[in-house]
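A.B. asks: In our numbering, the protein residues as written are 7 to 266. Even glycine gets a Cβ: it sits at the ideal position worked out from N, Cα and C. Please read these numbers as outputs of a predicted model, since none were measured by experiment. Pasting a structure below so you can have a look.
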Amino acid sequence: MIIFDRVEMAYPDGSRALDGVSLRIPRGQFCVILGPSGAGKSTLLRTVNGLAAPTGGRTLVDGVEVSARTLPRLRPRIGMIHQQFNLALRASVAANVISGALPAVSTWRALAGFFPPRLRRRACELTEAVGLAPEHLRRRVNALSGGQQQRVGIARAFMLEPDVVLADEPVASLDPRTSRDVLELLRAQSRASGATVLCSLHQIDLARAFADRIVALRNGGVAFDGAPDALDPAALARIYGVATGPAPAPEGAARLEAAR
Ligand code: ADP
């Protein structure tokens, strides 16, 4: 369970990214954080792995408050998938995937490139699970397409069998077809492992198609929290601040016309 308890974030330059967000995300949920650019999605995600430290309130993972003191314990349990993939482009697919285990391996072992056979096996299995054939393991990442690179990013995030996966706009730089394939994979991996996923997106159709639950942010506050089916035109108007309410029904329109 992830708990956001009145989380506030004011950056030093005065930008208020989060304005008292309170949410409870149960274990295993695929929760999409939706909202326009600048709404606070990325900041909210980053409070979970300590990349952003709230200036008010707190974020808890399974009852443990995220802080400098608890991060060494929490980090190995939290995987992250980035918009720009954040891979080592000149290194192999295998090296990138296995680097997801770094939080659990001592520094000297990591520097020597020594990973136990158990982790090597897991890297191979995950690479296959995300749809990359074994011959890709030795390929350099910069020889892969964007969609293939994000598959590597997903495999890396699941290396340590995380309880939580944070996906920050994971398909923002992919075409629509590849975006669906990548989100499908992310959902399949999280279902298989029981991980809780917080996935920020700005595409409404993808949020509807993949989320168990949609939380929409606007100006750092929660503008919608519910099932994908409940994301109706009125909710979209609250989130994006455009035309309010559904279009009038034809008979309503006819009545309006007659009244003129
Ligand atoms: P989103 O992910 O929804 O696009 P962000 O969380 O990135 O939103 O940003 C929310 C707000 O916080 C924006 O106004 C943004 O400009 C501001 N912001 C984000 N990161 C920083 C930062 N490091 N320093 C100052 N302001 C920031």
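For a test of your reading of the model: does the CB of A45 fall under 7 Å from any non-hydrogen atom of the ligand ADP? Yes or no.
C.D. replies: Checking the Cβ of A45 against the ligand ADP gives yes.
A.B. asks: Leaving out five residues on either side along the sequence, give the residues of the same chain with a beta carbon under 7 Å from the beta carbon of R145.
C.D. replies: Result list for R145: S98 and V99, in chain order.
A.B. asks: How would you label N55, buried or exposed, when you count the other beta carbons within 10 angstroms and need 16 or more for buried?
C.D. replies: Buried: at least 16 other Cβ atoms inside 10 Å.
A.B. asks: When DSSP labels each residue in this structure, what does S199 get in the three-state scheme?
C.D. replies: S199: helix per DSSP, three-state reduction.
A.B. asks: Exposed or buried, which one is G69 when buried takes at least 16 other CB atoms within 10 Å?
C.D. replies: That one is exposed.
A.B. asks: Would you kindly work out how many angstroms separate the C-alpha atoms of H208 and R126, rounded to a whole number?
C.D. replies: Rounded to the nearest angstrom, the two C-alpha atoms are 35 Å apart.
A.B. asks: For P18, does the count of other Cβ atoms within 10 angstroms reach 16, so buried, or fall short, so exposed?
C.D. replies: Classification of P18: exposed, given that the 10 Å Cβ count is below 16.
A.B. asks: So, with DSSP's three-state summary, where would you put A149?
C.D. replies: Helix, per DSSP.
A.B. asks: Below 7 Å, is the gap between the Cβ of G41 and the nearest heavy atom of the ligand ADP?
C.D. replies: Yes, the Cβ of G41 comes within 7 Å of a heavy atom of the ligand ADP.
A.B. asks: Candidates F164, L143, T53 and A74: which alpha carbon is nearest L108's?
C.D. replies: Comparing Cα-Cα distances from L108 to each of F164, L143, T53 and A74, the minimum goes to F164.
A.B. asks: Could you tell me the distance, in whole angstroms, from the CA atom of R115 to the CA atom of F121?
C.D. replies: Going from the Cα of R115 to the Cα of F121 covers about 7 Å.
A.B. asks: To the nearest angstrom, how far is the alpha carbon of R30 from that of V203?
C.D. replies: Those two C-alpha atoms are separated by around 13 Å.
A.B. asks: Going along the chain, which unbroken runs of the beta strand (DSSP E) with 3 or more residues stay wholly within the region 78-155?
C.D. replies: Entirely contained in the region 78-155, the beta strand (DSSP E) runs reaching 3 residues are, in chain order, 84-87.
A.B. asks: In the region 29-65, which residue ranges form an unbroken alpha helix (DSSP H) of at least 4 residues, counting only runs that do not cross its ends?
C.D. replies: If we require 4 residues or more, the alpha helix (DSSP H) runs fully inside the region 29-65 come out as 47-52.
A.B. asks: What residue range does the beta strand (DSSP E) around F230 cover?
C.D. replies: Counting along the chain, the beta strand (DSSP E) containing F230 begins and ends at G227 to G232.
A.B. asks: Label D211 either buried or exposed according to how many other C-beta atoms from any shown protein chain fall within 10 Å of its C-beta, with 16 as the threshold for buried.
C.D. replies: D211 should be labelled exposed.
A.B. asks: First and last residue of the beta strand (DSSP E) that includes F10?
C.D. replies: Where F10 is concerned, the enclosing beta strand (DSSP E) stretches over I8 to A16.
A.B. asks: If you follow the beta strand (DSSP E) that L212 is in, where does it begin and where does it stop?
C.D. replies: Run containing L212: none in the beta strand (DSSP E); it sits in the alpha helix (DSSP H), I210 to F216.
A.B. asks: Where do the N-terminal and C-terminal ends of the alpha helix (DSSP H) with L166 fall, by residue?
C.D. replies: Segment: none, L166 is in no alpha helix (DSSP H) and carries neither H nor E.
A.B. asks: Apart from the five residues on each side of it in sequence, which residues of its chain come closer than 8 Å, Cβ to Cβ, to L93?
C.D. replies: Correct list, in chain order: N102, V147, Q155, V158, G159 and R162.
A.B. asks: For A236 and C205, what's the separation of their Cα atoms in angstroms?
C.D. replies: If you take the alpha carbons of A236 and C205, they lie about 19 Å apart.
A.B. asks: Any idea which residues DSSP pairs S206 with across the strands?
C.D. replies: According to DSSP, which records beta bridges pairwise, S206 is partnered with I39 and D174.
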